[in-house]
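So for the sequence shown, our numbering puts the first residue at 32; every next one is plus one.
The beta carbon of each residue, even a glycine, is placed where N, CA and C say it ideally should be.
See structure below.
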Amino acid sequence: MLPMNGHPIQIRLLGPPQVLRDGQPVEGWRSRKALGLLGYLALSDGPVTRPALAELLWPASDESRGRANLSWALNHVTGLLPGCLAADRHTLRFVRDKAGIFLDSDHFRRLKRRNTVEALEEAVSLVQGELLDGFSLDGCPDFELWLVQERERWQRLVADAWSTLIAHHRFAGNYETAVAYARRLLAYLPWQESAHRHLMLLLALSGRRSAALAQYEICRRLLAEELGVKPSAETTRLYEAIRSGDETRLAAAIAGAEPKSPVLAATPGARSTAPRHNLPRQFTSFVGRDRELAAIARRLHEPETGLITVTGPGGVGKTRLAVAAAAAHLGHFADGVFFVPLAPLTTPDRIVPALAGVLQFPFDQRPDGATPEDQLLDWLAGRQVLLVLDNFEHLTGGPDFLLQLLARAPEVKLLVTSRHHLNLQAETLLEIAGLPVPSAGEDDAAETYPSMRLFVDRARRRRYDFELAAHERPLAARLCSLLAGYPLALELAAALVASQPLEQILAQVSENLDILKTSMHDVPARHLSLRAVFLHSWHLLSREEQAALASLVVFRGGFSVDAFTAVSGAPEATLRGLVQKSLVQALDGERFDLHSLIVQYLRETLDDTTYHLAGSRHSAWYLGRAQVDSPQLLGEGQQAAMARLRQDQDNLSTAWQRAVRRKDLATIRSSVSDLYRYWTRQNHLQAGVAFFQRAADALAEIDPVLAAGLRLRAIGCIQWESYLPEHLDRALRDLAIVRKAGNRNDLAAALLMAGRCAAYAMKNSEGSERDLLAEAETLLASLADDEGTSEIAILRGYVEQQLANYAESRRWYREAAAALRRRG
């Protein structure tokens, strides 16, 4: 429902344009261009110059006549709607936030920023069709181009609001409400395939299998008739899973198709009935740790406690305890409970992007120049959130960020897992060891101990009829004691019961433990039993399995089946076997990873030659994938390509760093353009600066030309408002180095980045930026590089705009649009 009280003037643009005064439509519009002027200014973020407006709305008129027409239209609008527009000798602007004036697009954005369920529901209720539905101005091509672009922008904003509501109600179990919103989204954007997929998912979840299958047919027919394409593989997989009726297959398809649980702000004064979280689903029971859970709960309720660190050696169960504690507090944090895996991160500066990814927080280029870290901390301030930060030990320097977070967001609680203390005064330590184990002679009561209960539970998962006979209880108790009650060790040992009797398992673990005690004195005592279990599992593998498992140490942040086969040289069946033997974790239907403890032992088994080969295959695979996915960032498949690249960003970075470390110049040259395209199309540009600058520093003496190109790309990742004169000086020196080498492709890229720097720096008035851009344009055109040509045209338009050459600026922007269309 539109707010009426206190707004005698209402301007509605989110649908057919409509202007109301005291609840009645305003009549007497003598010109569509006057209404177009009102809409353009209302949707502009600030003042617009009179010459620009005259050229936009009266392109066929000379300057004098255009200004006169603009003055007439301005007087006409202000006569009908007093106080809506403000004007001076040079500019016109829409008067925002004035009492008595309601603009639906502004109200929509305010509601969307509020990001509560109620606010988003009110926001989407404002939408009555596409932006300025049915409105156009004949003979005004620039206005029409602007309108097309503005409609696309608003389609994304509106679709995002609907999608958030759909995901919220889906995770809250409100399937009917989610279905209703999905249908409204499809009425608004019939060709959005993801919306069809989400509707299929919701119908399947609510038990309407036939309706879900029918929705697929609607989607397939619509895509074929209107766009000439087939449904994506993801949509088809979901359809086939629903059609099969196989619950396991459907669950796997749903896991890949369903939207993430959205992060919504809490409604003031209200507590959500559906707690927001992303805690990983657990497929095994949680055993023991009652005292630790109680201690965490007690500390979380203390106002003075902001940081709890669960510490202990690898494999002791820190992560599982933290997740269980967080799950027990879902209803206690109004703004949600979130799990942030830190193991894939290599440096502390990746903590902020990792947090933002989990919280689905979008960075933007704010006028105040706030850094991504400041933006995230500002957003968290005042929110009641529990953050589980998992595997923090390797991020030296990271604790400083935690202190800033606690200082600026006092309602945020941190539950951290780490092998080491963080050494902070704000830290409350909870050190955990293995689960309690039976003492000698406690055979009758042995099965009441958590370590025994865990072992028996996991053994029954491997052999459904597993039961401890009376004579086996002391054997199991001895095994639990040897393994120090470590959950990971117990689970690995339990996996062996399907093929070996308990006596044999105990004997072999005991033998290995004795050997390690006598021959490996530098191993911490708490790791002896874990090493024994690992080595025992290792020796049960075939040589092919051993080689495949060892090669996985080169991955960072998980891997796919295709990546596994490419790097290990082994078939998918080998991977599935390693999963079954509890040595590889299946994260979902398509991603896998190694437990960090397993990685630690595998590194000791891997000889230098094998490690070098695995690393080479890893670099070749991921940098090769970047070359395949990067061009798709320019077309219709850009979202899917970006998602794939982001998912493997840690692997990409590792592959690149390895190539730099090994001075593999051919690999670096072949992948640099694709990786630059990736970094410049996501928000975390500062990381891209460091990415290329470090490589340039490492290669400066070996290949000065390549290093110069890398430095130029580092400059290219700098946000435009941050360009300084020294950046231009550096860019021009590097351009000179590349120019001397004589490679036309390298020179084209160098000219583009140096020209970009010159355009945004606008250092001098001799026109050097124009010369650079003109040279780049000529060279890129000869290379048929539409991507580069479009960027050059945008830059030239920007330069002319800064020099107040508006007609020339528009001409360049039109050329940019044409190049973008050619590029697809």
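How is the beta strand (DSSP E) around residue i delimited, first residue to last?
{"i": "residue 372", "result": "368-372"}
{"i": "residue 449", "result": "443-449"}
{"i": "residue 123", "result": "122-125"}
{"i": "residue 118", "result": "116-118"}
{"i": "residue 51", "result": "49-52"}
{"i": "residue 134", "result": "132-134"}
Taking all protein chains shown into account, do 16 or more other C-beta atoms lie within 10 angstroms of the C-beta of residue i, making it buried, or fewer, making it exposed?
{"i": "residue 169", "result": "exposed"}
{"i": "residue 299", "result": "Caution applies to residue 299, whose pLDDT of 45 falls short of 50 and renders its modelled position unreliable; the model cannot decide the point."}
{"i": "residue 172", "result": "exposed"}
{"i": "residue 454", "result": "exposed"}
{"i": "residue 703", "result": "buried"}
{"i": "residue 558", "result": "Below a pLDDT of 50, predicted positions are generally treated as unreliable, and residue 558, at 34, falls in that range; no measurement from the model is reported."}
{"i": "residue 694", "result": "exposed"}
{"i": "residue 680", "result": "buried"}
{"i": "residue 406", "result": "buried"}
{"i": "residue 625", "result": "buried"}
{"i": "residue 41", "result": "buried"}
{"i": "residue 517", "result": "buried"}
{"i": "residue 618", "result": "exposed"}
{"i": "residue 95", "result": "exposed"}
{"i": "residue 32", "result": "For residue 32, the predicted model reports a pLDDT of 39, less than 50, meaning its position is unreliable; a value from the coordinates is still stated below. Residue 32 is exposed by the Cβ-count criterion."}
{"i": "residue 733", "result": "exposed"}
{"i": "residue 348", "result": "buried"}
{"i": "residue 584", "result": "buried"}
{"i": "residue 698", "result": "buried"}
{"i": "residue 301", "result": "The predicted model places residue 301 with a pLDDT of 42, which falls under 50 and marks its position as unreliable, so this point remains unresolved."}
{"i": "residue 222", "result": "exposed"}
{"i": "residue 314", "result": "exposed"}
{"i": "residue 141", "result": "exposed"}
{"i": "residue 48", "result": "buried"}
{"i": "residue 530", "result": "exposed"}
{"i": "residue 776", "result": "exposed"}
{"i": "residue 771", "result": "exposed"}
Is the beta carbon of residue j closer than 8 Å to that of residue i?
{"i": "residue 250", "j": "residue 266", "result": "yes"}
{"i": "residue 706", "j": "residue 780", "result": "no"}
{"i": "residue 576", "j": "residue 609", "result": "yes"}
{"i": "residue 540", "j": "residue 525", "result": "no"}
{"i": "residue 262", "j": "residue 837", "result": "no"}
{"i": "residue 309", "j": "residue 370", "result": "yes"}
{"i": "residue 192", "j": "residue 213", "result": "no"}
{"i": "residue 341", "j": "residue 416", "result": "no"}
{"i": "residue 346", "j": "residue 520", "result": "yes"}
{"i": "residue 689", "j": "residue 650", "result": "yes"}
{"i": "residue 152", "j": "residue 196", "result": "yes"}
{"i": "residue 675", "j": "residue 660", "result": "yes"}
{"i": "residue 726", "j": "residue 691", "result": "yes"}
{"i": "residue 420", "j": "residue 373", "result": "yes"}
{"i": "residue 737", "j": "residue 723", "result": "no"}
{"i": "residue 821", "j": "residue 851", "result": "yes"}
In terms of residue numbering, what span does the alpha helix (DSSP H) encompassing residue i cover?
{"i": "residue 41", "result": "Not the alpha helix (DSSP H): residue 41 falls in the beta strand (DSSP E), residues 40-43."}
{"i": "residue 624", "result": "Premise fails: residue 624 lies in the beta strand (DSSP E), 622-624, not in any alpha helix (DSSP H)."}
{"i": "residue 317", "result": "Element bounds for residue 317: n/a, residue is neither H nor E."}
{"i": "residue 654", "result": "639-660"}
{"i": "residue 430", "result": "429-439"}
Return the Cβ separation of residue i and residue j in integer angstroms, given the expectation that the two are a contact with Cβ distance under 8 Å.
{"i": "residue 84", "j": "residue 123", "result": "6 Å"}
{"i": "residue 343", "j": "residue 462", "result": "6 Å"}
{"i": "residue 319", "j": "residue 485", "result": "7 Å"}
{"i": "residue 763", "j": "residue 790", "result": "The pair is not a contact, with the Cβ atoms about 13 Å apart (cut-off 8 Å)."}
{"i": "residue 804", "j": "residue 823", "result": "6 Å"}
{"i": "residue 426", "j": "residue 379", "result": "5 Å"}
{"i": "residue 46", "j": "residue 158", "result": "7 Å"}
{"i": "residue 507", "j": "residue 527", "result": "Wrong, their Cβ atoms sit about 12 Å apart, outside the cutoff."}
{"i": "residue 712", "j": "residue 664", "result": "5 Å"}
Could I get the ranges of all uninterrupted alpha helix (DSSP H) runs contained in the region 331-418, with 4 residues as the minimum, in chain order? 349-358, 382-390, 403-411
Give, in chain order, every unbroken run of the alpha helix (DSSP H) that is at least 4 residues long and sits entirely within the region 706-759. 716-730, 735-747
Can you give, in chain order, each stretch of the alpha helix (DSSP H) that sits fully within the region 667-692 and has at least 4 residues? 669-678, 680-692
In chain order, which continuous runs of the alpha helix (DSSP H) of length 4 or greater are located wholly inside the region 220-257? 224-236, 240-253
With a floor of 4 residues, list each alpha helix (DSSP H) that falls wholly inside the region 455-527, ordered by position along the chain. 481-493, 504-513, 518-525
Unbroken stretches of the alpha helix (DSSP H), 4 residues or longer, contained in the region 163-210: 172-202
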